[in-house]
Amino acid sequence: MSNKSPLLNIMLQSLNKVTRNLVRDFGELENLQVSTSSINDFASKTEGKIYKSLHYDLTKSRPEWGIKINEDFEGETDKYYWVVDTLNGKTNFVHALPYFALSISVEYNNEIISTVILDPLRDETFFAEKGKGSFLNDRRIRVTKRASLNSCIFSIYSENNKNKNNKFDFSNIKSIASSYSSLTREFGSSALNFAWLASGKIDCLFINNLGKSKIACGDLLVKEAGGYLTNLKYINAYKSPGDFIVGANPTLHKEILKKLNNFE
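One rule links them: number in my numbering = place in the sequence shown (from 1) + 241.
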């Protein structure tokens with residue numbers, strides 16, 4: 242997608258501005274031989290620098306817009322909002338595991354209309370704008386074309402061990418995976434899970450207890466890549482935060498929801 246919109250360019254430039262320091266801090270973290278509290282303090286300072294930089298750049302570019310950084314609240318009607326996740330996969334970052342990302346989305350009337358997910362270590366930028374498709378760097382991406390649950394890659398992620406709003410937990414997912422000779426993976430970053438689902442690297446995604454600020458980056462990206470991202474009642478994930486949500490291509494999504502709802 243060579244002809245990026247001015248809005249998308251603002252988001253990309255804001256994220257790229259913090260990338261070099263983030264990668265440098267990650268390199269330092271890998272070599273730190275200090276206490277856990279010192280490492281946590283270091284990671285918090287890194288995230289604080291990202292917060293400050295993104296807040297400054299985004300509010301400067303669109304001072305009339307609202308901004309939600311790592312927080313969930315309902316926006317006003319007919320108003321634009323930046324929705325920012327400063328360090329998705331922070332626990333991975335703290336442990337020097339190379340699976341974390343940053344994201345910026347734009348919300349209008351409770352709908353995401355533009356989004357960017359940046360994976361700084363792999364230099365991969367995933368982005369989408371409403372009606373224009375999803376991209377990895379400048380290459381168009383789509384969800385997997387698999388039509389069967391056999392030999393799939395299932396990815397799971399949860400903010401907690403069990404979703405209080407549902408009767409079942411991830412043991413159901415692992416049971417289904419086993420019966421179809423599929424594999425489950427846990428990467429520790431919801432943003433990268435969304436990105437890899439949209440680009441066909443994983444086939445099905447299962448996420449538990451995620452807030453709106455973290456769902457935002459995946460909502461449009463998966464949709465524009467031809468996938469579905471909903472709760473068990475087929476309600477859009479961004480409109481059902483905290484629920485157990487499922488992401489997949491249309492065929493697998495229908496099949497997996499049918500099986501999961503049979504557990505109730």
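Where a beta carbon is used, it is the ideal one built from N, C-alpha and C, also for glycine.
Below-8 Å beta-carbon distance, residue i vs any chain C residue
{"i": "K500", "result": "Absence of chain C from the displayed structure is noted, only one protein chain being present."}
Nearest neighbour of residue i, chosen from the options [CA to CA]
{"i": "A457", "options": "C445, K331, L493 and N434", "result": "N434"}
{"i": "S392", "options": "A418, E370, E465 and S375", "result": "A418"}
{"i": "V463", "options": "S454, G488, L473 and I476", "result": "G488"}
{"i": "S285", "options": "A369, T332, Y349 and I345", "result": "T332"}
{"i": "N438", "options": "F411, S255, N413 and Y469", "result": "Checking the sequence, you will find Leu at residue 438 rather than Asn. The residue with the shortest Cα to Cα distance from L438 is Y469."}
{"i": "S399", "options": "G483, N413 and N472", "result": "G483"}
{"i": "I251", "options": "Y475, F368 and D319", "result": "F368"}
{"i": "T318", "options": "S302, K293, G374 and N350", "result": "N350"}
{"i": "A359", "options": "P304, K373, F428 and A436", "result": "Residue 359 is actually Leu in this sequence, not Ala. Comparing Cα positions, the closest option is A436."}
{"i": "F485", "options": "I280, L446 and L263", "result": "L446"}
{"i": "G441", "options": "F341, I280, I448 and G467", "result": "G467"}
Backbone CA spacing between residue i and residue j [nearest angstrom]
{"i": "Y421", "j": "I443", "result": "15 Å"}
{"i": "K500", "j": "G330", "result": "29 Å"}
{"i": "N450", "j": "L253", "result": "28 Å"}
{"i": "K258", "j": "I291", "result": "9 Å"}
{"i": "F297", "j": "L461", "result": "The sequence shown places Tyr at residue 297, not Phe. Their backbone Cα atoms lie some 25 Å apart in a straight line."}
{"i": "S352", "j": "F314", "result": "The sequence shown places Glu at residue 352, rather than the Ser named in the question. Rounded to the nearest angstrom, the two C-alpha atoms are 13 Å apart."}
{"i": "L473", "j": "V357", "result": "26 Å"}
{"i": "L498", "j": "V324", "result": "29 Å"}
{"i": "G459", "j": "S278", "result": "32 Å"}
{"i": "K293", "j": "R303", "result": "16 Å"}
{"i": "E348", "j": "L256", "result": "17 Å"}
{"i": "A388", "j": "L299", "result": "41 Å"}
{"i": "K480", "j": "T471", "result": "9 Å"}
Bounding residues of the alpha helix (DSSP H) (the contiguous stretch that carries residue i)
{"i": "N333", "result": "K331 to V335"}
{"i": "V264", "result": "P247 to N272"}
{"i": "N413", "result": "F411 to S420"}
{"i": "D282", "result": "T277 to S302"}
{"i": "V463", "result": "K453 to E465"}
Boundaries of the beta strand (DSSP E) in which residue i is found, first to last residue
{"i": "N449", "result": "C445 to N449"}
{"i": "Y398", "result": "I394 to S399"}
{"i": "G488", "result": "I486 to A489"}
{"i": "F435", "result": "No beta strand (DSSP E) holds F435; the alpha helix (DSSP H) holding it covers S431 to A439."}
{"i": "D360", "result": "E352 to D360"}
{"i": "E312", "result": "E312 -> no beta strand (DSSP E), and no H or E assigned at all."}
{"i": "A369", "result": "E365 to E370"}
Rounded Cβ spacing between residue i and residue j (contact assumed at less than 8 Å)
{"i": "T327", "j": "L362", "result": "Actually they are not in contact, since the Cβ atoms of T327 and L362 sit about 16 Å apart, beyond 8 Å."}
{"i": "N378", "j": "E365", "result": "7 Å"}
{"i": "E312", "j": "S454", "result": "6 Å"}
{"i": "Y322", "j": "I345", "result": "So it is not a contact: roughly 11 Å between Cβ atoms."}
{"i": "S355", "j": "L249", "result": "6 Å"}
{"i": "L390", "j": "L493", "result": "6 Å"}
{"i": "F428", "j": "I414", "result": "Between I414 and F428 the Cβ distance is about 15 Å, and since that is not below 8 Å, they are no contact."}
Open item on the list: Quick test of the definition: if touching needs 3 or more C-beta pairs under 8 Å, does the stretch 425-433 touch the stretch 382-392?
Closed with: no
Task: Contact between the stretch 257-274 and the stretch 333-341 (3+ Cβ pairs under 8 Å) - done: yes
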